[in-house]
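There are 2 protein chains.
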Amino acid sequence: MGKIANRYLEVLPFAIREEGFHSDRSSVSESIFALANEYMGVRGTFEEGVSSLDSLRGSYFNGIYDYALEPTPIHYKGIVQRTHFMVNAMDWLKVTLIIDQEQIDLGKKAPHNFVRNLDLKSGLLTREFSYTLDNGKEVKLCFSRFLSMNHAHRGYQKISIRANQDAEVSLTFHLDSNVLMWKSDCYFTDQDHFDANKISGLGVKTLTTEGRVYSVMEIDSPYEYEFVHTNREVKRLYHFHLKGNEQAVFTRYVVNNIAKQGEKTFGELKKEAIQELEQAVNEGYDLALTDNSLFWSRVFDQRDIEIFGDEVNQQGIRYTIFQLTQTYHGVDPSDNIGAKGLTGEAYSGHAFWDSETYCLPFYLFNEPEAARNLLLFRYHTLKQAKARAKDLDCEGACYPIATLNGEEGCNLWQHASTQFQPSTGVAYGIFHYVNVTKDIDFIFDYGMEMLLEITKFLLTRGQWNSRHTHFGFYGVMGPDEFQLMVNHNTYTNYMAKATFDYTLNLLNEFRTQEKIIKLCKRLEINEELITRIKEASAKMLILFDSTTNLFEQHLGFYDLPHIDPDSIPVTDFPLYSHWSYDRIYRNDLIKQPDVLMFMFLYSSRFSLVEKKANYDFYEPKTIHESSLSPSVHSIFASEIGYKQAALDFFGFATRMDLDDYNRNTNEGLHVTSIAASWMNIVYGFAGLRSDGEHLALNPHLPTYWQGYKFHLLYRNKRLVITINSAGVTIDSLDDKKVTIVIYGQNYEVGKHFVLPLQYEEE
Amino acid sequence: MGKIANRYLEVLPFAIREEGFHSDRSSVSESIFALANEYMGVRGTFEEGVSSLDSLRGSYFNGIYDYALEPTPIHYKGIVQRTHFMVNAMDWLKVTLIIDQEQIDLGKKAPHNFVRNLDLKSGLLTREFSYTLDNGKEVKLCFSRFLSMNHAHRGYQKISIRANQDAEVSLTFHLDSNVLMWKSDCYFTDQDHFDANKISGLGVKTLTTEGRVYSVMEIDSPYEYEFVHTNREVKRLYHFHLKGNEQAVFTRYVVNNIAKQGEKTFGELKKEAIQELEQAVNEGYDLALTDNSLFWSRVFDQRDIEIFGDEVNQQGIRYTIFQLTQTYHGVDPSDNIGAKGLTGEAYSGHAFWDSETYCLPFYLFNEPEAARNLLLFRYHTLKQAKARAKDLDCEGACYPIATLNGEEGCNLWQHASTQFQPSTGVAYGIFHYVNVTKDIDFIFDYGMEMLLEITKFLLTRGQWNSRHTHFGFYGVMGPDEFQLMVNHNTYTNYMAKATFDYTLNLLNEFRTQEKIIKLCKRLEINEELITRIKEASAKMLILFDSTTNLFEQHLGFYDLPHIDPDSIPVTDFPLYSHWSYDRIYRNDLIKQPDVLMFMFLYSSRFSLVEKKANYDFYEPKTIHESSLSPSVHSIFASEIGYKQAALDFFGFATRMDLDDYNRNTNEGLHVTSIAASWMNIVYGFAGLRSDGEHLALNPHLPTYWQGYKFHLLYRNKRLVITINSAGVTIDSLDDKKVTIVIYGQNYEVGKHFVLPLQYEEE
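Chains as they are written, first to last, in the working numbering: chain A, 1 to 762; chain Z, 1001 to 1762.
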């Protein structure tokens, strides 16, 4: 099952660069060159359009969603009847370019000297190429764009045109909401438009929700324009004579102003947008770009991972940091992180349990406020999670498998009604965040309420066995999605018990706190309930055998028919596409870590012997048919000392999308999966552990690296950690001391700290 | 969960009679008064239509089906992408009746002296009533209809009209294919029509299949008509002046000629239909009705069950016999028995495993040729079953959960990919048929091939456990549909082992037979395969504990959370409608017999002690949310000696539809379920067992019956069995002896045989 790189981009330290147009990678490039700023995102499509090539024009706004037109055909209680999805929205970069009556279209005619460049230090995407017209004239075109990171509503576009002889140019700038979702339906209705004082605007609304988008634009150019409005679209048409070898430059300023749930009228949206646009135009394109460069400088000053002696992964990890930061940096607690970020329509734009388990650490150690906001998304959607629990005939709050707005967005009962990783993941996220930051107020204001509601859900979804001797979960699916409707999945039982215990401990610790007393009263937390939680925790069935040190993945797992993954023909992968659906679920194949996953999350609770035993047992059964799988295995391999395996699993982590390893980058970037590549380095090679009392490190140096360097913001202290042949060096700007466990020893780390590498060679 | 009778029909020995129009039962009556003759069926709708009342006009032809317009939204291998269904077709009974410009419509105005009568001794359905026109005139109307049982294409309709004053009558006779399936889509296209030589006709074709229906009609009346053709419809319009107190009578002769798979052209269908219609008209209405009476006399002479001292069940069981015979009497091996027969659209007209397990015995002991043809349906659809096995990544033949044409018609993977009762049921049906009839040729010509293909399927769908110590089925659902994706369901394992063993035994017994040698060569049955079958059978995991005599329903069943059915509020039933979908599947509630089901099918293999132990354990967990459940429990209760329980479970068996116990008779009759009421008497009270070497009886007399009498055709000997206070009397017309085990003793039964009742009083 070796995955093979499909590399066509230049390897550069701070840029993604395509030299020569790779028309066969057209839609892959659209994903890779996607821009976003948490508020909105655009795929790297060509402004002028492209015919006859694979392309998905995509423009998305975080939180602008709609419901499917058709209900789910299976009607039972607890099965989601109408799914929701992030809707492909206003195309505010679109132009139509006609020179001497010939439409510029790279789908019809190949360009020369094509260069596309994404500068990670400014977020500027440029595309330059030459184009020979049918009449023989040579045209040189340059398109640039960026999204403001500081003023998230603002987008910038610059187009320059030069021909080697006089030419007639027709250039149209669109604000176009005639965009199709899944290339089939448009989900917008036209609500308002205007053209006044050099500003043109269009306001549209989603079909069945109250999502509103008002986009306004001003174009800096010396030419006159004609304004046209058609349904769901406004355009500015420019016709002009371009002299040979002279350059025409157009700078488009756009402000997109949205209301996710109709909280603002179109009048308000328009007024705000015009004000902001005027400000943007006053400040100008260059200043905005400088501003962006400052933003990205700060990001890389504080978040960069440097890898010495490995340019390929160096680029990969920087691209990861760039994309994670683009997608989410925690400005709005009503945003979450979609599996594909804002770069495509696959997974419907939904956020999964990846947010708390795979993405949270990146923010936790770089910008704790963003981590906090990510958790607040769950607090603000408690209402929906409580409604979902009720749908499932349970109490408390059940967090959805897939969501944009807090509602369950997955209409497959076999996932949505049986997988509780999101709920236990939120509880874990709260624990993890508070454990690292010591932000106890978060517990008082938000965390405790979420924990209590999740606990109520788990307590009512869990069941006692017939003899009432143990408690646990029946009819569930753990993280390993190859085992369906099993009983006593150990991940689920373990995580539920951890949730119960953490909640009980906090209740006990803070039982005299006014806020907690009030909360318990409001949520009707009484002694009888607490006793029930304690009993369920005490009798939670955890299938552990102390003679083998093995956790059984679920009751009966050991006796399942065995299939050796190496016996499966390569052409059978992915199994979901080649095996009969039921066949996937009746053997001991594992899709992604399940036992290993809770051992990773609560790493400090398990001995190296236990980790090794379970890794040795489960890894050979795992086929990694989830992009979330290899990094966790690499982290275990690092800890156990399987250095080669650690490198092998790290293999494509940082470049999953740049090299299109899964052959589906065209659908959008694996945003939450690439978060795992950050963990792979920091938790894997550097051996960070953050679930214990103190931060712990256990660094080693992959054989082919000269060294690597990363940052941790820990208890308000910025640490720069360098691992190289000289040892582990931890630098900080201040003298303040923090306790860090390194190679199992506690150290007080201040301004500068050095320790030799202790990791044994294999 | 007591079910309550909703009785509104007269209790009569050989008729179903409604006195006074029960408009609130409109669609229930449409089902109850449905007519059929295996070839076609019509619901008991009013010929003249009815507005503003619940009604489903339904006319069906066995084998005329179409595919759903929309594909299943979940796309995985093995999940059916397009379901098929019996399509609502040509309405050949429809009329429009206008008198003095007022349309007769019982939905708008109540009739007087309304009587509807279905005569079970002729199959004639009549409806008489008086109707007061807005202008005060009184009209008396009588509608009669029957379907010929001997010439299945023919349908007859008679309408008589009398008014107490002169009136202007407009009467239109339609052949109308503008019928809606599921009240939403019409699945027919107009292909041909004509009106010549007093015969009018219409030919239509299904939308996506090659189902063809050609209907022709001739109307006997003294009046002139006008012919009209519109899309998918032809009409004859009669306008005439009716003198006061004179009667106008119209007799419509219809021939419906179908081609299920386009095997005849419309020209051929038309020609044949006209010929047959001419013959029908020549013979006339009265002769045809006499013919039908002869048919039904023979049926009741040979199939009747008489119950002395219980008029209610007497009517019920006769209605059952009437409906079973109407629906299927085995004239065409391409027909099967839909769960709702030809009386409605629920369950899409599909046949299930009920055919072999619930319906077959009725035919086996009344008309073995019909039982044989029912099994031949499976032989003729082997090709589809083999394709289905391939879809499931298996070899051999997998029979569908639900089908009309042999293809799998169920698009829910959790049933269609996990329930193998149809396949093991077909194997059981072959065993049962051959065991009773000794028709060994059936094995040579059809049975062996089916058994081998089913065996191949079971062998490749079954799996060895990880240690290769036992074989069985993983990820399955047994007959109890409340346990989903379980391992080692004992029903499935037991029935598969029985299939393996029966197949191996036959192979061994007939290994020198030319036909079997040829067959094995064609199917590539070699020693290696036979060894594999033997190993799988030998190591099949059957979860039996000889200390408790209990079979565990599946691996892990005993440890499931317990729910006492009595603790469930009545308003929660049916659970499918009130419980979250996943909740149904994670406790020890049982929907319908599972362990008890294989113990019923192979009854002679189990001791009374074992039967009692398993009944006592499983019955209290069973909520009978399938209409197939109570009768099997009644049969066990009879054998064990729980006489009151036997009566309680028998309770509504014979009158499930007549009294609308499940409140869904409006959707169609529970045709296959009411077959269980025949078994309930014959296998339950009379204790018939037919899976052993000899036929066995173990009769008792339910306390409130004076006696009962039924027929068995066994090895070409017609037995009339009477059970009353005088004992068990077995009469036959001939001296030929057959061995019957009665109360455990072998007897040679000849012309007349009497034995005292031995059943102990409770």
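We treat Cβ as the ideally placed atom computed from N, Cα and C, and that holds for glycine.
- request: Compare the beta carbon distance of His239(A) and Glu218(A) with 9 Å and say whether it is the shorter of the two.
  value: Glu218(A) sits away from His239(A), with the two beta carbons spaced by 9 Å or more.
Using a Cβ-Cβ cut-off of less than 8 Å, list which residues of the segment 1578 to 1593 of chain Z approach chain A; keep chain order.
Within the segment 1578 to 1593 of chain Z, those residues whose Cβ lies closer than 8 Å to any Cβ of chain A are, in chain order, His1578, Trp1579, Ser1580, Tyr1581, Asp1582, Arg1583, Tyr1585, Arg1586, Asn1587 and Asp1588.
- For Asp1391(Z), go through chain A and note every residue whose CB falls closer than 8 Å to its CB, in chain order. Ser580
Self-check item: Where the beta strand (DSSP E) through Ala1646(Z) begins and ends
Solution: Element bounds for Ala1646(Z): not the beta strand (DSSP E) but the alpha helix (DSSP H), Lys1643 to Phe1650.
Contacts around Arg1007(Z), its chain only, beta-carbon distance under 6 Å, and the 5 residues preceding and following it disregarded:
Cβ contact annotation for Arg1007(Z) (same chain, cutoff 6 Å, sequence separation greater than five): Asp1659, in chain order.
**Asked** With 16 other CB atoms within 10 Å as the buried threshold, where does Met1(A) fall?
**Response** Residue placement at Met1(A) cannot be trusted, given a pLDDT of 44 that sits under 50; the coordinates are not used to answer.
Worksheet item: Mind pulling the chain A residues with CB within less than 8 Å of Ile1454(Z)?
Response: By Cβ distance, chain A contributes nothing, its closest Cβ being about 18 Å from Ile1454(Z), past 8 Å.
- request: Let me know if Arg1663(Z) comes out buried or exposed under the rule of 16 or more other beta-carbons within 10 Å of its beta-carbon.
  value: Its Cβ having fewer than 16 others within 10 Å, Arg1663(Z) is exposed.
Could you spell out the range, first to last residue, of the alpha helix (DSSP H) harbouring Cys1186(Z)?
-> Counting along the chain, Cys1186(Z) falls outside any alpha helix (DSSP H), and DSSP gives it neither H nor E.
**Asked** Does the beta carbon of Pro1073(Z) come closer than 9 Å to any beta carbon on chain A?
**Response** Residue contact check for Pro1073(Z) against chain A: a CB pair falls below 9 Å.
Do the segment 380 to 397 of chain A and the segment 347 to 355 of chain A meet, that is, are 3 or more Cβ pairs less than 8 Å apart?
-> no
Fill in: Ala637(A) to Asp480(A) span [Cα, whole Å]
19 Å
Measure the alpha-carbon distance for Gln1191(Z) versus Tyr1067(Z) and round it to whole angstroms.
19 Å
message: Suppose the cutoff is 6 Å on Cβ atoms and the five residues either side in sequence are ignored; what does the same chain contact list for Asp1731(Z) look like?
response: Val1720 and His1752
Beta-carbon within less than 6 Å of Ile1317(Z)'s beta-carbon, same chain only, minus the 5 sequence neighbours each way: which residues are those? Ile1305 and Thr1654
Q | For Phe1617(Z), three-class secondary structure by DSSP | A | Annotated three-state conformation of Phe1617(Z) is helix, per DSSP.
Limits of the unbroken alpha helix (DSSP H) element including Ile530(A): Glu527 to Ala538
- Should the segment 1022 to 1030 of chain Z be called in touch with the segment 1147 to 1159 of chain Z, which here means at least 3 C-beta pairs below 8 Å? no
Check: If you drop the 5 nearest sequence neighbours on each side, which residues of the same chain put their C-beta closer than 6 Å to that of Asn1680(Z)?
Finding: Ser1631, Ser1634, Phe1650 and Ala1653
_By the DSSP assignment, the alpha helix (DSSP H) with Ala1496(Z) in it spans what residues?_
Thr1490 to Glu1509
Go through its chain and collect everything with a Cβ distance to Leu12(A)'s Cβ below 7 Å, but skip five positions before and after it. Gln315
Notebook entry, point to check: Taking buried to mean at least 16 other C-beta atoms within 10 Å of its own C-beta, is Tyr1399(Z) buried or exposed?
Noted result: buried
Taking Cβ-Cβ distances below 7 Å as the criterion, which residues of the segment 1540 to 1574 of chain Z are in contact with chain A? Leu1555, Gly1556, Tyr1558, Asp1559, Leu1560, Pro1561 and His1562
(message) Quick check for students: name the residue ranges of the alpha helix (DSSP H) that lie wholly in the segment 1013 to 1087 of chain Z, counting only runs of 4 or more.
(response) 1026 to 1032
Margin query: Given a cut-off of 9 Å on the beta-carbon distance, is the pair Arg282(A) and Val80(A) in contact?
Written below: According to the sequence provided, residue 282(A) is Asn. The question's Arg does not apply to it. Result no, Cβ atoms of Asn282(A) and Val80(A) do not sit closer than 9 Å.
| query | Does the distance from the CB of Met540(A) to the CB of Phe471(A) come in under 9 Å? | reply | yes
My assumption, with CB atoms under 8 Å, is that Val213(A) sits in contact with Met90(A). Please give the rounded CB distance.
Yes, they are in contact, since the Cβ atoms of Val213(A) and Met90(A) sit about 5 Å apart, within 8 Å.
Going by DSSP in three states, Gln1191(Z) sits in which element: helix, strand or coil? strand
Item to complete: Determine which residues of the segment 1438 to 1470 of chain Z have a Cβ less than 8 Å from any Cβ of chain A, and write them out in chain order.
Response: Gln1463, Trp1464, Asn1465, Ser1466 and Arg1467
Let me make sure I understand the geometry here. Which of Gly1744(Z), Lys1736(Z), His1711(Z) and Arg1715(Z) has the alpha-carbon closest to that of Thr1729(Z)? The residue with the shortest Cα to Cα distance from Thr1729(Z) is His1711(Z).
Note to self: Against chain A, with Cβ distances strictly below 9 Å, would Gln1081(Z) count as a contact?
What the structure shows: no
Are Ile1401(Z) and Trp1353(Z) close, meaning C-beta to C-beta below 9 Å? Against a cut-off of 9 Å, the Cβ pair of Trp1353(Z) and Ile1401(Z) comes out as a contact.
Of the residues Asn37(A), Asp105(A), Ala34(A) and Thr208(A), the one placed nearest Thr83(A), counting alpha carbons only: Thr208(A)
**Prompt:** In the segment 367 to 451 of chain A, which residue ranges form an unbroken beta strand (DSSP E) of at least 3 residues, counting only runs that do not cross its ends?
**Reply:** none
- Item | Chain-ordered neighbours of Lys1077(Z) on chain A, where CB pairs are closer than 9 Å | Those are Tyr576, Ser577, His578, Trp579, Ser580, Tyr581 and Arg583, listed as they occur along chain A.
Within 9 Å, strictly: CB atoms of Ala763(A) and Ser215(A): The shown model of chain A, from 1 to 762, leaves out residue 763(A), and the question about it has no answer.
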